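Numbering of the first sequence is given in UniProt numbering, commencing with residue 1 and proceeding in unit increments.
Glycine included, each C-beta is placed from N, C-alpha and C at the ideal position.
If you're wondering where the values come from, they're calculated on a predicted model, not measured in any experiment.
For reference, the structure is listed below as structure tokens.
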Amino acid sequence: MLQLSFIRENKELTIKGLHKKRVKNPEQIIDDLLALDNKRRETQTERDGVLARSNSISKEIGGLMKAGKKEEAEAMKAETSLLKAKEKELTELLNDYEAKLTQMLYQIPNLPHETVPEGAGAEDNEVVFLSQNAQNLPVLEGNPLPHWDLIKKYDIIDFDLGVKISGAGFPVYKGKGARLQRALVNFFLDEAIKAGYTEIQPPIVVNEDSGYGTGQLPDKEGQMYFINADGLYLIPTAEVPITNLYRDVIVKDEDLPIKNVGFTPCFRREAGSWGAHVRGLNRLHQFDKVEIVQITKPEDSYKTHQAMCDYVAGILDKLELPYRILRLCGGDISFNAALCHDFEVYSAAQQRWLEVSSVSNFETFQANRLKLRYKDENGKTQLLHTLNGSALALPRILAALLENNQTNEGIKLPKIIHAYTGFDIIN
RNA sequence: AGAGGGAUGGCUGAGCGGUUUAAAGCGGCGGUCUUGAAAACCGUUGACUGUAACAGGUCCGGGGGUUCGAAUCCCUCUCCCUCUGCCA
């Protein structure tokens, strides 16, 4: 969430940013927020005065009791009952204001970076890069099959078996399908390690605090699977556990920047979507993903965002997949992000662009909730910036690899992965 | 899962109702001394809130209570350790 102090000091900037994010009537929202903030601070000042008086009386009573002046001490207790009542009333008021302020802040999205284009939705996203092999979109010869037919033809992924043991959206990977996915995971992890990331294997269930820390809660509660008996959530992305490692941490200067990578299954309930665009591997309840997470000083985060985008682009190049990079517009960018670049690969049989990665800079938006800080050169405690990106999400990469590389002989895999799979064709 | 013991500042650890505005040690930072370093000695050493700046307020695992006053007493939750049991 945004810092209240920032909003107080940058009211116009905040309102401008919220307009770009297509928030309705931000003037009213910010006015209400600041009015409540004023009331809160007045109340706190008043309560603190009452507490200060109570504290000093208690000390005096302590002194008198010690000196054996019991009667004088008793006399002083009279005032305290009044103070106590007042203090209780003011504290309740203060708690109420604070709860309301927090609720209001939870509803306010992050402000977009200046490079984020204006726009209402997906159609206004800006294509900032098109890979060489996507300049002319590949056209497949003969009767190309979409991946949901290819997986049946070669018997490498079975949705029906998944339905039998779990439900829709839980595919079973078999034989070369399973081996290809495992190979890709290893490839992605090795690449990240080469780029200086530290591999993390986090738990894939998290507690409520972690859900709040990275912003899945309170709003997106319905998106996560919840284990009622233990009060735990299945993670929707490795971002949640890996970023929450640093919740309530003041990071040492020499440990910055933090670069972590983790492979986990991801679980998403994603209720209510139907049709061809969610067929096959396009949208699942459980899927595998390798995620990169960085934590940087504020002045470094945009340079880091670029580096992370370059890194993801490099992997797609090695996989020889046609892709484009979109800079999401104000209306389409996620609630938490200040800047987000989506990577989409072209899946030639579906003739569709599939989102395979999303690289975001959250600036201090997550760090503020996480209380993730460092000491700047003046010794002052400051919020850090958090960033993350998929590198990469497996199912859609798999879909594109299968579709784009199909031939009459079988699916010919890109060279880079042969050493990982131990085979070069699925037939 | 049963029984018992714990949770205090970056770490170790005292405090068990009123100079605790948390002792002491270690570590960190600054200084004296030194050609430099070590040792020794001296000083310093958290977070949040609040203010123009002070002041003030909050924080001893979380929440609630008793009291004029709680790190200290009571209730409750969470987590950790030891023993027993179970187990990949």
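Where the beta strand (DSSP E) through residue i begins and ends
i, result
"C309", "Premise fails: C309 lies in the alpha helix (DSSP H), S301 to K318, not in any beta strand (DSSP E)."
"I200", "T198 to I200"
"R247", "Segment: none, R247 is in no beta strand (DSSP E) and carries neither H nor E."
"I15", "From DSSP, I15 is part of no beta strand (DSSP E) but of the alpha helix (DSSP H) over K11 to K20."
"L413", "Segment: none, L413 is in no beta strand (DSSP E) and carries neither H nor E."
"L232", "L232 to L234"
Beta-bridge partners of residue i, as assigned by DSSP
i, result
"residue 470", "Lying before the first or after the last residue shown, residue 470 is absent from the chain, which here runs from 1 to 427."
"G389", "I292 and V359"
"L281", "L281 is not bridged to any residue."
"N408", "N408 pairs with nothing; no bridge assigned."
"N260", "T198 and V293"
"E239", "None, per the DSSP bridge assignment."
"Y97", "DSSP output for Y97 lists no bridge partner at all."
"L401", "According to DSSP, which records beta bridges pairwise, L401 is partnered with nothing at all."
"V251", "Y374"
"I325", "F129 and F343"
"I7", "In DSSP, I7 forms no bridge with anything."
"F226", "Y233"
"L354", "V345"
"I333", "Looking at the DSSP assignment, I333 forms no beta bridge with any residue, so it has no partner."
Range covered by the alpha helix (DSSP H) that runs through residue i
i, result
"D31", "P26 to A67"
"Q382", "From DSSP, Q382 is part of no alpha helix (DSSP H) but of the beta strand (DSSP E) over T381 to L383."
"F343", "Here F343 belongs to no alpha helix (DSSP H); instead the beta strand (DSSP E) covers L339 to S347."
"Y420", "H418 to T421"
Contact test: residue i Cβ vs the ligand SAM heavy atom, cutoff 7 angstroms
i, result
"K21", "As for the ligand SAM, it is missing from this structure, which has no ligand bound."
Within 8 angstroms, strictly: CB atoms of residue i and residue j
i, j, result
"N368", "Q3", "yes"
"R283", "Q223", "no"
"V290", "L387", "no"
"L64", "E72", "yes"
"Q216", "V240", "yes"
"D253", "Y374", "yes"
"Q294", "P236", "no"
"I425", "I411", "yes"
"K20", "E118", "yes"
"L398", "N405", "no"
"G121", "D332", "yes"
"Y233", "Y246", "no"
"L354", "T243", "no"
"P146", "I157", "no"
"E79", "I61", "no"
"R327", "T115", "yes"
"L140", "A338", "no"
"Y154", "N427", "yes"
**Asked** Hey, is the stretch 308-328 in contact with the stretch 87-102, meaning 3+ C-beta pairs nearer than 8 angstroms?
**Response** The stretch 87-102 and the stretch 308-328 do not touch, with fewer than three beta-carbon pairs separated by less than 8 angstroms.
**Inter-stretch contact (C-beta, 8 angstroms, three-pair minimum) for the stretch 381-389 and the stretch 159-177** = Taking 8 angstroms as the limit for Cβ pairs, the verdict is that the stretch 159-177 does not touch the stretch 381-389.
**Prompt:** Taking only runs of the beta strand (DSSP E) that begin and end inside the stretch 109-166, which ones reach a length of at least 3 residues, in chain order?
**Reply:** Whole beta strand (DSSP E) segments, 3+ residues: 126-130.
**Asked** Any chance the stretch 354-365 sits against the stretch 389-397, with 3 or more Cβ pairs inside 8 angstroms?
**Response** A contact is defined here as three or more CB-CB pairs under 8 angstroms, and the stretch 354-365 meets this definition with respect to the stretch 389-397.
**Request:** For the stretch 168-221, list the beta strand (DSSP E) runs that are entirely contained and at least 3 residues long, ordered along the chain.
**Result:** Correct list: 198-200.
**Item:** Inter-stretch contact at 8 angstroms, needing at least 3 Cβ pairs: the stretch 199-211 / the stretch 252-269
**Value:** Cβ pair count under 8 angstroms is three or more, so yes.
**Message:** Does the contact criterion of 3 or more C-beta pairs under 8 angstroms hold for the stretch 150-170 versus the stretch 290-301?
**Reply:** Between the stretch 150-170 and the stretch 290-301 there are fewer than three inter-stretch CB-CB distances shorter than 8 angstroms, so the stretches are not counted as touching.
**Prompt:** Per the contact definition of three or more C-beta pairs closer than 8 angstroms, is the stretch 315-335 in contact with the stretch 131-142?
**Reply:** The answer is yes - the stretch 315-335 touches the stretch 131-142, with three or more Cβ pairs under 8 angstroms.
**Request:** Say whether the stretch 116-127 touches the stretch 27-38, bearing in mind that this needs 3 or more beta-carbon pairs closer than 8 angstroms, one atom from each stretch.
**Result:** No, they do not touch.
**Message:** With a threshold of 8 angstroms, are at least 3 pairs of Cβ atoms found where one atom belongs to the stretch 103-118 and the other to the stretch 75-93?
**Reply:** Output reads no: the stretch 75-93 does not touch the stretch 103-118.
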